[in-house]
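> For the sequence shown, the numbering used here assigns the number 149 to the initial residue and increments by one for each residue that follows. Beta carbons: idealized from backbone N, C-alpha and C, even for Gly. Everything numeric in this text was worked out from a predicted model, so none of it was measured. Below is the structure I would like to discuss, written out as structure tokens.
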Amino acid sequence: MKKSRLILMMMVLLSWSSLLFLGRRDFKKYLPAALFIGAVTKITNKIAKKRKWWRFEESIHPKISGDDTWAWGLFFPSTLWILKLSFGKIWSYVTYNLILHTSFVYLLLSFLKKLKIVSLVKLSKRQYLLVLFCREILLYLFQFSKEYIERKKPHSVSVNGKSQDRQVENLRS
């Protein structure tokens, strides 16, 4: 097995195994947003491939595309953790993402290019950082909208097996 594939597999396994510590409630709460941003990442990767913004040269398996390895293998778990640690605190969210993405783009990406895993082609590091930042704005807006809609939904509370709405109707008759 190539060294680059082994490193990529370790990165994916570590990121997914970290979800064991996330908690079921938080996983369920942030899952729709993580799926949404995974789909956005997949679409962005299709555009990037067509315009040659970046290139995935290695994957965890020959039948799995390199962009799937990143979208669902690495970005997905990190999205759940970022939301758990900072959602509702906008400045923490921006700070965490800025630190994470700047570290990735300016430190880890150079290492991954040397290993021939992924490389930027027609996009500068600064431009790629902007793409990641736009993606994170979409993520925050999605989660914020989801929670806003959930707060506005009327909830009927069950009392003694009957919904409160039914009890009010019985009192009126």
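Determine which residues share a DSSP beta bridge with ARG173 and list them.
Against the sequence shown, residue 173 aligns to sequence position 25. None; ARG173 has no bridge partner.
> Can you tell me where the beta strand (DSSP E) with PHE204 in it begins and where it stops?
As a first step, residue 204 must be located in the sequence shown, where it is residue number 56. Start and end: 202–204.
> Could you pull the DSSP bridge partners for VAL267 from this structure?
Locating residue 267 in the sequence shown gives position 119, counting from the first residue. Checking the sequence, you will find Ser at residue 267 rather than Val. Looking at the DSSP assignment, SER267 forms a beta bridge with ARG203.
> Can you tell me whether SER166 is helix, strand or coil according to DSSP?
One-based indexing of the sequence shown puts residue 166 at position 18. If DSSP states are grouped into helix, strand and coil, SER166 belongs with the helices.
> Do three or more CB pairs link the stretch 276–287 to the stretch 159–168 at distances below 8 Å?
The stretch 276–287 is not in contact with the stretch 159–168.
> Looking at C-beta atoms only, is the number of pairs between the stretch 153–164 and the stretch 208–227 that lie closer than 8 Å three or more?
Cβ pair count under 8 Å is three or more, so yes.
> Alpha carbon to alpha carbon, what distance is there between LYS264 and ILE155?
Here residue 155 corresponds to residue number 7 of the sequence shown, with the count starting at 1. Here residue 264 corresponds to residue number 116 of the sequence shown, with the count starting at 1. In a straight line, the C-alpha of ILE155 is about 11 Å away from that of LYS264.
> Could you check what DSSP says for SER152 in three-state terms: helix, strand or coil?
The residue labelled residue 152 in the question sits at position 4 within the sequence shown. In this structure, SER152 counts as helix in the three-state DSSP scheme.
> Thinking THR250 and LEU287 are a contact (beta carbons under 8 Å), I'd like their distance in whole angstroms, please.
Position 102 of the sequence shown, counted from the first residue, corresponds to residue 250. Position 139 of the sequence shown, counted from the first residue, corresponds to residue 287. So it is not a contact: roughly 17 Å between Cβ atoms.
> With DSSP collapsed to three states, give me the class of ILE212.
Against the sequence shown, residue 212 aligns to sequence position 64. Here ILE212 sits in coil by DSSP.
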